[in-house]
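Structure (structure tokens):
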């Protein structure tokens with residue numbers, strides 16, 4: 398139970414940042430999938446990490462719905478590129494943005510849509526890999 402601070406009218410619980418931050422969990426590819434796909438032991442499974450991120454209680458239902466498609470699309474793109482989640486860096490994100498900016502399904506995405514998708518992916522990567530591994534938006 399968090400400590401309670403007494404004020405003149407209200408009893409306000411004080412919480413530490415640690416109460417809101419989920420524990421960093423490594424998402425390991427199951428052994429049978431490692432054998433089938435040749436994935437190295439301890440590799441981070443992007444889809445499992447995405448499911449964990451989207452199930453986070455820190456996200457509102459509206460945010461979960463908005464981020465869901467964007468994060469799953471990014472995971473599918475990583476699989477197409479044969480890139481593991483732990484290999485994501487600035488160059489991989491730049492390639493992803495270039496792919497988003499190209500003609501898809503006969504039309505280009507608007508810059509605002511690309512920014513929204515990238516914001517969702519960055520939030521996902523901060524959750525899965527930690528904030529130190531994710532570049533700032535610029």
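In the numbering used here, the protein residues as written are 398 to 535.
Using N, Cα and C, we set each Cβ at its ideal position, and we do this for glycine too.
- The continuous alpha helix (DSSP H) containing residue 508 extends over residues 508–526.
- Within its own chain, the residues whose Cβ lies closer than 6 angstroms to the Cβ of residue 517, once the five positions on either side in sequence are excluded, are 464, 467 and 468, listed in chain order.
- Contact between residue 515 and residue 485 fails: their C-beta atoms lie close to 12 angstroms from each other, not under 8 angstroms.
- Going by DSSP, residue 468 is part of the alpha helix (DSSP H) stretching over 458–477.
- Distances from the alpha-carbon of residue 489 to those of 474, 499, 525 and 451 put 474 closest.
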